[in-house]
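Asks:
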Amino acid sequence: MEPRTDTTDTYTCAMIPPAPLTLDRREGPFGEVVLRERGEHFEIIANGCFLMDTSDGRSERLLIDAALGALPAGRTGPSVLIGGLGVGFSLVRAAEEERWGRIVVVEREQAIVDWHRQGPLDRISGAALADPRTEVVHTDLVAHLGTATERYDALCLDIDNGPDWTVTDDNGSLYSPTGLAHCHDRLTPGGVLAVWSAQPSPAFEQGLRNAGFSGVRTEEVAVARGVPDVVHLALRSH
């Protein structure tokens, strides 16, 4: 009789995800940010809260595609402000699309900018950052929206896990009536606001309507487990 080969240990080990390796850890004005490597992927942790990783990116790309698709037909060279550099997927998607004109990325964490410009995330975003249409603005998004005067054709915002799950308390003001009024002011007539979220938020949808946005809708992105990621979309009608 042939001896039985027990593959349980091999199978079990294959199912255990690799332990994360911390590549950089920094204390900034808004708390701690950490870049970790887990197998083939990178992940960003902010104040102990998982923010995003490089394992998928479909919803970050949808954030950009949905905003472009919602713009009025015939608008040439539309400008887009991307709130949050993150792991770079949204920026890369915007740079891949020739129809976008100016691409402005607002990122408040210098560490994240450094990881893209001189660190491991350069392999993801290097070409997009070198695109002549791209400009990175190192500042707080909430403050920028409230003080800037420039208008954009699209605002694509991804700085939290959603309106109901913010990374820092200060970010909550972005989804308040005042914050949404600032978003409305920063858009051109017919411009699009797109906000990423880890889960749907009916209360946020109503807040968008109360702030004067029209065409409010939500697009879903299926995930492996749990509720789908979503992109909230709204238009400035005038």
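Each residue of the sequence shown is one higher than the last, beginning at 10 in our numbering. Here a beta-carbon is modelled for each residue, glycine too, at the ideal position from N, C-alpha and C.
When you compare each of 128, 102, 113 and 168 to residue 161 by their alpha carbons, which one comes out closest?
Replies: The residue you call residue 161 lines up with position 152 of the sequence shown. Checked all of 128, 102, 113 and 168; the closest Cα to residue 161 is 113.
Asks: State the start and end residues of the unbroken beta strand (DSSP E) segment that holds residue 205.
Replies: Working through the sequence shown from its first residue, we reach residue 205 at position 196. Here the beta strand (DSSP E) through residue 205 covers 196–206.
Asks: Among 80, 37 and 31, which has the Cα closest to the Cα of residue 148?
Replies: Sequence index remark: in the sequence shown, residue 148 carries index 139 (1-based). For the residues 80, 37 and 31, the minimum Cα distance to residue 148 belongs to 37.
Asks: Since I believe residue 115 is in contact with residue 90 (beta carbons under 8 Å), could you give me their beta-carbon distance rounded to a whole number of angstroms?
Replies: In the sequence shown, counting from the first residue as 1, residue 90 sits at position 81. In the sequence shown, counting from the first residue as 1, residue 115 sits at position 106. Correct: roughly 6 Å between the Cβ atoms.
Asks: Quick check: residue 237 and residue 231, are their CB atoms within less than 7 Å of each other?
Replies: Along the sequence shown, one-based indexing puts residue 237 at 228. Along the sequence shown, one-based indexing puts residue 231 at 222. Yes, the pair counts as a contact, with Cβ atoms nearer than the cut-off.
Asks: Please classify residue 166 as buried or exposed, where buried requires at least 16 neighbouring CB atoms within 10 angstroms.
Replies: Sequence index remark: in the sequence shown, residue 166 carries index 157 (1-based). Residue 166 is buried by the Cβ-count criterion.
Asks: Are the CB atoms of residue 120 and residue 176 within a distance shorter than 7 Å?
Replies: Within the sequence shown, residue 176 is the residue found at index 167, counting from 1. Within the sequence shown, residue 120 is the residue found at index 111, counting from 1. Their beta carbons are not under 7 Å apart, which means residue 176 does not touch residue 120 by this criterion.
Asks: Report yes or no: do the region 140–147 and the region 71–79 share at least 3 C-beta pairs separated by less than 8 Å?
Replies: These segments do not touch.
Asks: Between residue 46 and residue 32, is the Cβ-Cβ spacing less than 7 Å?
Replies: Here the question's residue 46 lines up with position 37 in the sequence shown. Here the question's residue 32 lines up with position 23 in the sequence shown. Cβ distance < 7 Å, so residue 46 and residue 32 count as in contact.
Asks: Beta-carbon separation of residue 191 and residue 216 under 7 Å?
Replies: What you label residue 191 is simply residue 182 of the sequence shown in a count that begins at 1. What you label residue 216 is simply residue 207 of the sequence shown in a count that begins at 1. Against a cut-off of 7 Å, the Cβ pair of residue 216 and residue 191 comes out as no contact.
Asks: Identify the continuous beta strand (DSSP E) that holds residue 59 and give its terminal residues.
Replies: On the sequence shown, residue 59 is found 50 positions in, with the first residue counted as 1. Its beta strand (DSSP E) spans residues 58–62.
Asks: To test your reading of the DSSP string, which unbroken beta strand (DSSP E) runs of 3 or more residues are found completely within the region 80–129?
Replies: As far as the region 80–129 is concerned, its whole beta strand (DSSP E) runs of at least 3 residues are 89–92 and 112–116.
Asks: Compute the Euclidean distance between the alpha carbons of residue 229 and residue 239, then round it to the nearest angstrom.
Replies: By one-based count along the sequence shown, residue 229 stands at place 220. By one-based count along the sequence shown, residue 239 stands at place 230. So the alpha carbons of these two residues sit roughly 4 Å apart.
Asks: Go through its chain and collect everything with a Cβ distance to residue 247's Cβ below 6 Å, but skip five positions before and after it.
Replies: Indexing the sequence shown from 1 puts residue 247 at position 238. Closer than 6 Å at Cβ, skipping near neighbours: 198.
Asks: I'd like the list of long-range same chain contacts for residue 93, defined as Cβ closer than 6 Å, with 5 residues on each side in sequence excluded.
Replies: As a first step, residue 93 must be located in the sequence shown, where it is residue number 84. Closer than 6 Å at the Cβ level, and outside the excluded window around residue 93, lie 167 and 168.
Asks: When every heavy atom of the ligand HEM is checked, does at least one fall within less than 6 Å of the C-beta of residue 180?
Replies: Absence of the ligand HEM is noted for the structure shown, with no ligands found whatsoever.
Asks: Measuring alpha carbon to alpha carbon, tell me which of 50, 125, 75 and 81 ends up nearest residue 106.
Replies: Walking along the sequence shown from the start, residue 106 turns up at place 97. Among 50, 125, 75 and 81, the Cα nearest to that of residue 106 belongs to 75.
Asks: On the CB-based measure, 16 or more other CB atoms within 10 Å of its CB, does residue 187 come out buried or exposed?
Replies: Taking the first residue of the sequence shown as 1, we reach residue 187 at position 178. With fewer than 16 other Cβ atoms within 10 Å, it is exposed.
Asks: Which whole-angstrom value is the C-beta distance of residue 40 and residue 55, which I expect to be below 8 Å?
Replies: Indexing the sequence shown from 1 puts residue 40 at position 31. Indexing the sequence shown from 1 puts residue 55 at position 46. With 8 Å as the limit, residue 40 and residue 55 qualify as a contact, their Cβ atoms being about 7 Å apart.
Asks: Identify which residue in 27, 29, 49 and 53 has its Cα closest to the Cα of residue 35.
Replies: Your numbering for residue 35 matches position 26 in the sequence shown. When only C-alpha atoms are compared, the closest one is 53.
Asks: Rounding to the nearest angstrom, what Cα-Cα distance links residue 224 and residue 185 in this structure?
Replies: Start at 1 with the first residue of the sequence shown, and residue 224 comes out as number 215. Start at 1 with the first residue of the sequence shown, and residue 185 comes out as number 176. So the two alpha carbons sit approximately 19 Å from each other.
Asks: Tell me the residue span of the beta strand (DSSP E) that contains residue 34.
Replies: The residue labelled residue 34 in the question sits at position 25 within the sequence shown. Looking at the DSSP string, the run of the beta strand (DSSP E) that includes residue 34 is 30–37.
Asks: With C-beta atoms as the reference, is residue 183 less than 7 Å away from residue 151?
Replies: In the sequence shown, counting from the first residue as 1, residue 183 sits at position 174. In the sequence shown, counting from the first residue as 1, residue 151 sits at position 142. A contact, by the Cβ cut-off of 7 Å.
Asks: Let me check understanding here. Comparing Cα to Cα, which of 118, 136, 80 and 221 lies closest to residue 98?
Replies: What you label residue 98 is simply residue 89 of the sequence shown in a count that begins at 1. Ranking 118, 136, 80 and 221 by Cα distance to residue 98 puts 136 first.
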